[in-house]
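Asker:
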Amino acid sequence: MPLLSGEYECKLDPKGRLVLPAKVKGNLPEASGNQLVLVRGFEPCLVLYPREAWQVIHDKVMALDEFNEEYRQFQRNFFRGMTEVELDNIGRFMLPRTMLRYSGIEKEAIIVGLGNRCEIWEPDKYEEYLIKDQQSFSKLAQKFLTNETPPLGGTLAA
């Protein structure tokens, strides 16, 4: 799967549409076409997945036992507001009003490529969630990249 990467400053048009940066659009898997999935992030941001990357996440969440109350609660909140979006011929897509309210995005946004997905942030909130202290960032890198045990749910790259 192509790698979604980079950090891009974007503006919403008056109708609430966002143009996906050309470098991001160019790295979308062909199998996804112009179809993307937009969900609420765990932080106050939006997460945009190519369809094939979303399918992997979707299948994991749907595999949870629906008869378990905790799993149902997670599924309900995880899928809340999930919407399929389609890029138009110039690479724009509509951000639903409920998603804009959730993320606090009004006129400007930051799109951050994270491998299999992109996060879409209101610029000031994005800054709040970044690590400011380089020593702390270095310690996290050491913890996650040199440890023999992968982070929960993750794998170590060879």
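First residue of the sequence shown: 80, per our numbering; consecutive thereafter.
Heads up, the beta-carbon is just placed ideally off N, CA and C, and yes, glycines get one too.
Going by the beta-carbon positions, is the gap between E198 and C124 smaller than 8 Å?
Answerer: For the purposes of this step, residue 198 is identified with residue 119 of the sequence shown, where counting begins at 1. For the purposes of this step, residue 124 is identified with residue 45 of the sequence shown, where counting begins at 1. Closer than 8 Å, so yes.
Asker: Thinking C-beta only, is V98 closer than 8 Å to R171?
Answerer: As a position in the sequence shown, residue 171 is number 92, starting the count at 1. As a position in the sequence shown, residue 98 is number 19, starting the count at 1. Yes, Cβ-Cβ distance for R171 and V98 is below 8 Å.
Asker: When the Cα of Y87 is compared with those of L224, I189, E201, Q213, which residue comes out closest?
Answerer: Along the sequence shown, one-based indexing puts residue 87 at 8. That would be I189, whose Cα lies nearest to the Cα of Y87.
Asker: Cα-Cα, which of P93, S84, G85 is closest to P175?
Answerer: Along the sequence shown, one-based indexing puts residue 175 at 96. Nearest of P93, S84, G85 to P175, Cα basis: P93.
Asker: Could you tell me the distance, in whole angstroms, from the CA atom of V140 to the CA atom of Q154?
Answerer: Within the sequence shown, residue 140 is the residue found at index 61, counting from 1. Within the sequence shown, residue 154 is the residue found at index 75, counting from 1. The alpha-carbon atoms of V140 and Q154 are separated by roughly 7 Å.
Asker: Assign L107 to one of two classes, buried (16 or more other C-beta atoms within 10 Å of its C-beta) or exposed (fewer than that).
Answerer: As a position in the sequence shown, residue 107 is number 28, starting the count at 1. So L107 counts as buried.
Asker: Kindly indicate which three-state DSSP category M178 falls into: helix, strand or coil?
Answerer: Translated into the one-based positions of the sequence shown, residue 178 becomes position 99. M178: helix per DSSP, three-state reduction.
Asker: Tell me which residue opens and which closes the alpha helix (DSSP H) that S217 is part of.
Answerer: For the purposes of this step, residue 217 is taken as the residue at position 138 of the sequence shown. 213-224 is the extent of the alpha helix (DSSP H) around S217.
Asker: Hey, R196 and Y150: beta-carbon distance below 8 Å or not?
Answerer: Position 117 of the sequence shown, counted from the start, is the residue given in the question as residue 196. Position 71 of the sequence shown, counted from the start, is the residue given in the question as residue 150. In this structure, Y150 does not lie closer than 8 Å to R196 by Cβ.
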